[in-house]
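Peer 1: Here the numbering used here is used: the first residue of the sequence shown is 70, the next is one more, and so on. Backbone N, C-alpha and C define an ideal beta-carbon position, used for all residues, glycine too. The structure presented is a predicted model; accordingly, all values stated were derived computationally and were not measured. Pasting a structure here, questions to come.
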Amino acid sequence: MILGKKVIVVMPAYNAEKTLRQTYEELPLEYIDEVILVDDASKDSTTAIARELGIRTIIHRENRGYGANQKTCYTEALRHGADIVVMIHPDYQYSPRLATAMASMIAPGHYDVVLCSRILGGEALKGGMPLYKYIANRFLTLFENLALGVKLSEYHTGYRAFSRRVLETLPLNENSDDFVFDNEMLAQTVYFGFKLGEISCPTKYFKDASSINFRRSVKYGFGVLATSAKFILQKWRLRSFLMFSKNGSKLPVEQRMG
């Protein structure tokens with residue numbers, strides 16, 4: 070716990086057998102109350118390793134997609150009484166040691182959402198980020214900052230922390246089951262008036278780290294542009310989208326478990 074707040078780390082996993090153990094063992098477990106992994110029908114030993122490590126493991130019997138995986142992650146975290154949820158990919162691309170730093174920014178109420186930015190430290194390219202991804206990241210981030218009216222260093226990190234209130238409030242079931250889920254969630258965070266913070270995070274690109282290919286990156290990019298367009302239309306009351314509506318479908322919030 071941090072300041073009396075229950076901290077749960079969630080890991081949306083797919084074929085992470087080579088990096089899961091290292092990611093888990095570098096988490097500051099003395100401050101983390103529980104770790105939950107959701108395996109999206111991996112074809113390797115991800116589930117077996119997770120159970121060997123004592124991680125609470127949920128299995129999707131068929132591959133549902135990255136966004137659907139996160140929906141299950143957050144639903145399970147809420148069900149198990151999380152006050153703060155930290156989401157980290159188990160591919161060891163981000164430093165697990167920063168999980169408590171992120172949670173500590175939320176625990177006292179300073180922020181509702183915290184992002185670990187690969188851009189703030191200026192080391193993304195040195196860490197191996199492909200040049201085309203870096204350029205796309207900078208362009209899309211500039212576009213989104215203008216569209217959403219905020220100033221973030223990047224919107225595309227896979228390392229994030231959320232307060233319980235955020236996860237209970239946002240209509241996350243209206244979001245995509247694919248990679249653009251991440252971006253839709255941040256647009257919703259801004260639209261619903263939650264406070265966003267960032268910290269710098271070193272990143273590592275290597276053979277076993279997960280990364281979407283060029284074709285899916287292009288699809289994601291167009292999805293990001295579409296999300297920003299929906300945000301603008303909703304804000305100007307030209308169109309209405311359930312993803313930005315209080316009546317949109319939310320995650321099922323069940324009774325807290327200890």
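Quick test of your reading: Tyr228 and Cys185, contact by CB under 8 angstroms. State the CB separation rounded to the nearest angstrom.
Peer 2: Locating residue 228 in the sequence shown gives position 159, counting from the first residue. Locating residue 185 in the sequence shown gives position 116, counting from the first residue. Contact flag correct, Cβ pair sits at about 4 angstroms.
Peer 1: Given Lys75, which residues of its chain have a CB within under 6 angstroms of its CB, disregarding the five upstream and five downstream residues?
Peer 2: Within the sequence shown, the letter at position 6 stands for residue 75. So the list reads Asp102, Gly150, Ala151 and Asp152, once near-sequence residues are dropped.
Peer 1: What residues in its chain sit with their C-beta under 7 angstroms from that of Leu189, if we drop five residues either side in the sequence?
Peer 2: Along the sequence shown, read from residue 1 onward, the residue named residue 189 stands at position 120. Within the same chain, Leu189 has close Cβ partners Ser222, Glu267 and Ser269.
Peer 1: Can you name, in chain order, every residue of its own chain whose Cβ lies under 8 angstroms from the Cβ of Arg90, other than the five neighbours on each side?
Peer 2: Here residue 90 is taken as the residue at index 21 of the sequence shown, counted from 1. Closer than 8 angstroms at Cβ, skipping near neighbours: Ile118 and Leu122.
Peer 1: Report back the beta-carbon spacing between Met174 and Gln257 to the nearest angstrom; my notes put them in contact at under 8 angstroms.
Peer 2: For the purposes of this step, residue 174 is taken as residue 105 along the sequence shown, with counting starting at 1. For the purposes of this step, residue 257 is taken as residue 188 along the sequence shown, with counting starting at 1. The pair is not a contact, with the Cβ atoms about 20 angstroms apart (cut-off 8 angstroms).
Peer 1: Check this for me: beta carbons of Ile77 and Val182, under 8 angstroms apart or not?
Peer 2: Your numbering for residue 77 matches position 8 in the sequence shown. Your numbering for residue 182 matches position 113 in the sequence shown. No.
Peer 1: Report whether the distance from the Cβ of Asp246 to the nearest heavy atom of the ligand GDP is below 7 angstroms.
Peer 2: Annotation note on the ligand GDP: not contained in the displayed structure, which lists no ligands.
Peer 1: In the structure shown, what three-state DSSP assignment does Phe313 receive?
Peer 2: Position 244 of the sequence shown, counted from the first residue, corresponds to residue 313. Helix.
Peer 1: Under DSSP, the alpha helix (DSSP H) around Gly196 begins and ends at which residues?
Peer 2: The count along the sequence shown starts at 1 and reaches residue 196 at position 127. No alpha helix (DSSP H) contains Gly196, which DSSP labels as neither H nor E.
Peer 1: Quick one: Cα of Phe263 to Cα of Phe300, how far?
Peer 2: The residue you call residue 263 lines up with position 194 of the sequence shown. The residue you call residue 300 lines up with position 231 of the sequence shown. So the alpha carbons of these two residues sit roughly 15 angstroms apart.
Peer 1: Roughly how many angstroms separate the alpha carbons of Ala176 and Leu72, rounded to a whole number?
Peer 2: Working through the sequence shown from its first residue, we reach residue 176 at position 107. Working through the sequence shown from its first residue, we reach residue 72 at position 3. Their Cα atoms are separated by approximately 6 angstroms.
Peer 1: Using DSSP with H/G/I as helix, E/B as strand and the rest coil, what is Ser164?
Peer 2: One-based indexing of the sequence shown puts residue 164 at position 95. Three-state DSSP puts Ser164 in coil, outside helix and strand.
Peer 1: Would Val374 pass as a contact of Leu294 if the rule is Cβ separation under 8 angstroms?
Peer 2: This structure cannot speak to residue 374, because the chain is shown only from 70 to 327.
Peer 1: Within this structure, are the beta carbons of Ala137 and Ala230 separated by less than 8 angstroms?
Peer 2: As a first step, residue 137 is located in the sequence shown; it is residue number 68 there, counting from the start. As a first step, residue 230 is located in the sequence shown; it is residue number 161 there, counting from the start. Their beta carbons are not under 8 angstroms apart, which means Ala137 does not touch Ala230 by this criterion.
Peer 1: Compute the Euclidean distance between the alpha carbons of Gly191 and Pro165, then round it to the nearest angstrom.
Peer 2: As a first step, residue 191 must be located in the sequence shown, where it is residue number 122. As a first step, residue 165 must be located in the sequence shown, where it is residue number 96. Rounded to the nearest angstrom, the two C-alpha atoms are 19 angstroms apart.
Peer 1: What is the C-beta distance between Leu147 and Glu237, in whole angstroms, given that I count them as a contact (C-beta under 8 angstroms)?
Peer 2: For the purposes of this step, residue 147 is taken as residue 78 along the sequence shown, with counting starting at 1. For the purposes of this step, residue 237 is taken as residue 168 along the sequence shown, with counting starting at 1. That pair is a contact at about 7 angstroms.
Peer 1: Relative to the C-alpha of Val104, which residue among Asn84, Arg133 and Tyr143 is closest?
Peer 2: As a first step, residue 104 is located in the sequence shown; it is residue number 35 there, counting from the start. Residue Tyr143 is the option with its Cα nearest to Val104.
Peer 1: Could you pull the DSSP bridge partners for Glu103 from this structure?
Peer 2: Numbered from its first residue, the sequence shown carries residue 103 at position 34. Paired residue(s): Ile77.
Peer 1: Given this structure, state the Cα-to-Cα distance separating Asp251 from Gly197, to the nearest angstrom.
Peer 2: Position 182 of the sequence shown, counted from the start, is the residue given in the question as residue 251. Position 128 of the sequence shown, counted from the start, is the residue given in the question as residue 197. Taking the straight line from one Cα to the other gives about 22 angstroms.
Peer 1: From Tyr201 to Phe310, what distance separates their C-alpha atoms?
Peer 2: Within the sequence shown, residue 201 is the residue found at index 132, counting from 1. Within the sequence shown, residue 310 is the residue found at index 241, counting from 1. Computed Cα separation, rounded: 32 angstroms.
Peer 1: In chain order, which alpha helix (DSSP H) runs of at least 4 residues are fully inside the segment 227-258?
Peer 2: 233-238, all fully within the segment 227-258.
Peer 1: Is the Cβ-Cβ distance between Pro199 and Thr88 less than 8 angstroms?
Peer 2: Taking the sequence shown and counting its residues from 1, one reaches residue 199 at position 130. Taking the sequence shown and counting its residues from 1, one reaches residue 88 at position 19. For Pro199 and Thr88, no; Cβs fall outside 8 angstroms.
Peer 1: When we look at the beta-carbon of Lys195 and count the other beta-carbons within 10 Å, is it buried (16 or more) or exposed?
Peer 2: Reading the sequence shown from its first residue, position 126 is the one you call residue 195. Exposed: under 16 other Cβ atoms inside 10 Å.
Peer 1: Identify which residue in Val79, Gln139, Ser314 and Ile124 has its Cα closest to the Cα of Asp246.
Peer 2: The count along the sequence shown starts at 1 and reaches residue 246 at position 177. The option with the nearest alpha carbon to Asp246 is Gln139.
Peer 1: What do you get for Phe248, buried or exposed, if any count of 16 or more other CB atoms within 10 angstroms of its CB means buried?
Peer 2: Counted from its first residue, the sequence shown places residue 248 at position 179. Buried, by the Cβ-count rule.
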